[in-house]
């Protein structure tokens, strides 16, 4: 019985230890990749079942999110009040994001002031973006 308990304990420890740490450095590298080339980032660093929920409540799958990003350029971004929590192979990022984006076809720029909730999952040693939710930040 002691051997079985020890094996179970070691198995559980190895499951949790196998997940790579997701921290501010990991998130900063991801946002840098996204800002540099959002379409490529979505194609290579996102879970196939990715879901985006926007500020007006719209829900988009990965294909629809890529279509929007094909017509946008990120000009500036600042994140603050980041809280990163990791539970095994799942990481949740919440915070405040201010970003300036420009539509390629119209040239229209817009400043976004949003609260974000992002979920990442680790698969085969790589962190993938699984979902994103943006909410309008309250004006103070």
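In mature numbering (1 follows the signal peptide of the UniProt record, and there is no 0), the protein residues as written are -19 to -1, 1 to 121. We put the beta carbon where it would ideally sit given N, CA and C, even for glycine. A quick note: this is a predicted structure, and the numbers were derived from the prediction, not measured.
Cβ distance (whole Å) where residue i is taken to contact residue j below 8 Å
i, j, result
"residue 58", "residue 12", "7 Å"
"residue 108", "residue 3", "6 Å"
"residue 23", "residue 43", "7 Å"
"residue 74", "residue 15", "In fact, because the Cβ distance is near 13 Å, the residues do not count as touching under 8 Å."
"residue 90", "residue 56", "7 Å"
Span separating the alpha-carbon of residue i from that of residue j
i, j, result
"residue 116", "residue 32", "15 Å"
"residue 95", "residue 29", "25 Å"
"residue -7", "residue 6", "No answer about residue -7 holds up, because its pLDDT of 49 lies below 50 and its placement is not dependable."
"residue 97", "residue 105", "26 Å"
"residue 86", "residue 68", "41 Å"
"residue 101", "residue 88", "32 Å"
"residue 79", "residue 118", "9 Å"
"residue 20", "residue 47", "6 Å"
"residue 35", "residue 45", "12 Å"
"residue 38", "residue 17", "26 Å"
"residue 66", "residue 53", "30 Å"
"residue 49", "residue 1", "31 Å"
"residue 120", "residue 27", "31 Å"
Pair within 7 Å by beta-carbon distance, residue i and residue j
i, j, result
"residue 113", "residue 99", "yes"
"residue 63", "residue 76", "yes"
"residue 70", "residue 103", "yes"
Proximity test, Cβ basis, 7 Å: residue i and chain B
i, result
"residue 88", "Absent here is chain B; the protein component of the structure consists of one chain."
One or two residues paired with residue i in a DSSP bridge
i, result
"residue 94", "79"
"residue 74", "65, 99"
"residue 109", "102"
"residue 87", "According to DSSP, residue 87 bridges with nothing at all."
"residue 33", "41, 113"
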